[in-house]
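Participant:
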Ligand SMILES: *Cc1c(COP(=O)(O)O)cnc(C)c1O
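In the numbering used here, the protein residues as written are 48 to 399.
1) Counting C-beta neighbours from all protein chains within 10 Å, is the total for residue 298 16 or more, i.e. buried, or is it exposed?
2) Could I get the ranges of all uninterrupted beta strand (DSSP E) runs contained in the segment 262-349, with 3 residues as the minimum, in chain order?
3) From residue 233 to residue 73, what distance separates their C-alpha atoms?
4) So within the segment 61-98, which uninterrupted beta strand (DSSP E) runs reach at least 3 residues, ignoring any that extend past its ends?
5) Should residue 195 be counted as a contact of ligand 1 given a C-beta to heavy atom distance under 7 Å?
6) Would you decide whether residue 51 is buried or exposed? Buried here means 16 or more other CB atoms lie within 10 Å of its CB.
7) Starting from the C-beta of residue 157, find all residues in its chain whose C-beta is less than 7 Å away, skip the five residues before and the five after it, and write them out in chain order.
8) Could you check whether the Cβ of residue 216 sits closer than 7 Å to any heavy atom belonging to ligand 1?
9) Could you give the distance in angstroms between the alpha-carbon of residue 154 and the alpha-carbon of residue 165?
10) DSSP puts residue 354 in a beta bridge; with which residues?
11) If you pair each beta-carbon of the segment 261-269 with each one of the segment 72-91, do three or more pairs fall below 8 Å?
12) Counting only C-beta atoms, is residue 50 closer than 8 Å to chain D at any point?
13) Pair every Cβ in the segment 104-120 with every Cβ in the segment 298-309, then say whether three or more of these pairs are closer than 8 Å.
14) Restricting to Cα atoms, I'd like to know which of 303, 160 and 353 is closest to residue 120.
15) In terms of alpha-carbon separation, which member of 330, 226 and 257 lies closest to residue 366?
16) Identify every run of the beta strand (DSSP E) within the segment 142-181, keeping only runs that are complete inside it and at least 3 residues long; order them along the chain.
17) For residue 48, count neighbouring C-beta atoms within 10 Å of its own C-beta (all shown protein chains included) and say buried if the count is 16 or more, exposed if not.
18) Using CA atoms only, rank isn't needed, just tell me which of 55, 357 and 284 is closest to residue 70.
19) Pair every Cβ in the segment 339-358 with every Cβ in the segment 167-185, then say whether three or more of these pairs are closer than 8 Å.
20) Using a Cβ-Cβ cut-off of 6 Å (strictly less than) and excluding sequence neighbours within five positions of residue 340, which residues of its own chain qualify?
21) Take residue 242 and list the residues in its own chain whose beta-carbon comes closer than 6 Å to its own, dropping the five residues that flank it on each side.
22) Straight-line CA distance for residue 84 to residue 194?
23) By the DSSP assignment, the alpha helix (DSSP H) with residue 385 in it spans what residues?
24) According to DSSP, is residue 401 helix, strand or coil?
25) Taking the alpha carbon of residue 294 as the reference point, which residue from 276, 378, 124 and 386 has its own alpha carbon closest?
26) With DSSP as the reference, label residue 211 as helix, strand or coil.
27) Can you determine whether any heavy atom of ligand 1 sits closer than 7 Å to the C-beta of residue 227, and answer yes or no?
28) Using DSSP bridges, identify the partner residues of residue 193.
29) So the alpha helix (DSSP H) residue 127 belongs to, where does it begin and stop?
30) Alpha helix (DSSP H) containing residue 413: first to last residue?
31) Have a look at residue 390 and residue 349 and give me their C-alpha separation to the nearest angstrom.
Following this line, the structure appears as structure tokens:
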């Protein structure tokens with residue numbers, strides 16, 4: 048009954064509604080707060096595993112998944128005797144079925160869950176998930192989308208996509224660290240068992256039996272990251288001040304410029320050349336180790352990420368130990384891309 052606590056709760060629930068509106072969910076209680084995409088997918092995998100998976104069932108993922116969309120499924124598959132199947136990836140970094148927007152050849156009667164990334168964090172590839180989801184739904188397969196790389200760069204409309212579950216991180220959408228969301232379709236969330244138990248997620252507790260709280264609280268055990276959630280709501284509202292299509296167009300311009308300029312560097316190979324990409328550009332350079340290049344770029348004030356980007360199977364697919372990856376946000380400029388290219392050239396000269 049305390050004024051401040053009521054205010055905090057109201058602000059948290061206002062953030063939930065902001066996010067509902069932003070992803071066009073039907074109800075605010077379809078938005079579950081987590082600590083990030085990893086926690087969202089672990090919730091999805093553990094709960095869906097308990098609800099659906101039997102010995103011999105299959106979970107389908109793709110070869111371009113982040114470890115966060117591989118390992119939780121592997122863990123539940125092992126627990127229930129299910130099999131993890133993987134859609135391969137082409138040399139360009141697209142899904143490899145006969146057609147990149149047709150996954151039906153990978154579905155069997157035993158496929159229960161199809162978990163797929165909307166956008167690859169390593170390759171930048173935008174997957175045609177709307178088509179893939181429609182195919183899965185036709186066969187009664189539950190769809191889980193890793194939207195960590197999409198939320199800040201594309202228009203995400205969960206009703207239009209038709210997905211069952213959609214996960215993302217606040218800290219990849221200009222929000223505070225340690226915040227995230229799992230969107231779920233109400234009908235499915237109602238059927239899914241809670242994953243974590245504790246305070247806030249209960250209705251009545253006795254030593255004999257506990258009944259659970261309504262959505263979304265059934266899935267939000269313990270004290271939430273209230274300050275972070277309010278911050279995430281503000282970050283989303285800030286994004287909404289801009290036109291997402293215009294943001295995407297600007298980032299695409301930076302990507303095209305960077306691609307053209309980086310390819311003038313002798314021995315540079317871009318990993319991820321899909322037709323549809325967000326502003327993510329990962330590359331390797333013959334005779335130059337990505338860690339060394341990353342260090343030299345850092346010394347010039349240029350922030351890139353180096354290494355396997357939490358996608359070791361994908362690195363293996365492309366036969367590299369890691370890449371140097373630049374990624375563009377809406378506030379980056381052409382001049383910054385030029386500084387990146389000049390920095391890489393300087394680094395290569397020093398390292399070769
Ligand atoms: C970052 C990322 C994750 C994991 O997100 P966390 O915020 O670390 O939980 C999962 N998938 C993709 C595509 C990512 O980029």
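All residues carry an ideal CB built from backbone N, CA and C; glycine is no exception.
Facilitator: This is what the structure holds:
1) buried
2) 315-318 and 327-332
3) 9 Å
4) 78-81
5) yes
6) Burial call: exposed.
7) Taking C-beta separations shorter than 7 Å and ignoring five residues to either side along the sequence, the partners of residue 157 in its chain run 103, 104 and 105, following chain order.
8) yes
9) Answer to the nearest angstrom: the Cα atoms are 19 Å apart.
10) 370
11) Yes, they touch.
12) Absent from the structure is chain D; it holds one protein chain and no more.
13) As far as the Cβ criterion goes, the segment 104-120 does not touch the segment 298-309, which means the pair count is below three.
14) Residue 160 is the option with its Cα nearest to residue 120.
15) 330
16) Taking only runs of at least 3 residues, the beta strand (DSSP E) segments lying wholly in the segment 142-181 are 158-164.
17) Around the Cβ of residue 48, a 10 Å sphere holds fewer than 16 other Cβ atoms; the residue is exposed.
18) 284
19) Three or more Cβ pairs drawn from the segment 339-358 and the segment 167-185 lie within less than 8 Å of each other, which places the two stretches in contact.
20) 371 and 394
21) 90, 93 and 94
22) Whole-angstrom Cα-Cα distance: 8 Å.
23) 381-398 is the span of the alpha helix (DSSP H), which, as asked, contains residue 385.
24) Given a span of 48 to 399 for the chain in the structure shown, any question on residue 401 remains unanswerable.
25) 378
26) coil
27) Flag set: Cβ of residue 227 near ligand 1.
28) 164 and 214
29) Following the DSSP letters along the chain, one finds residue 127 inside the alpha helix (DSSP H) bounded by residues 118-127.
30) Not covered by the structure: residue 413. The range shown for the chain is 48 to 399.
31) 8 Å
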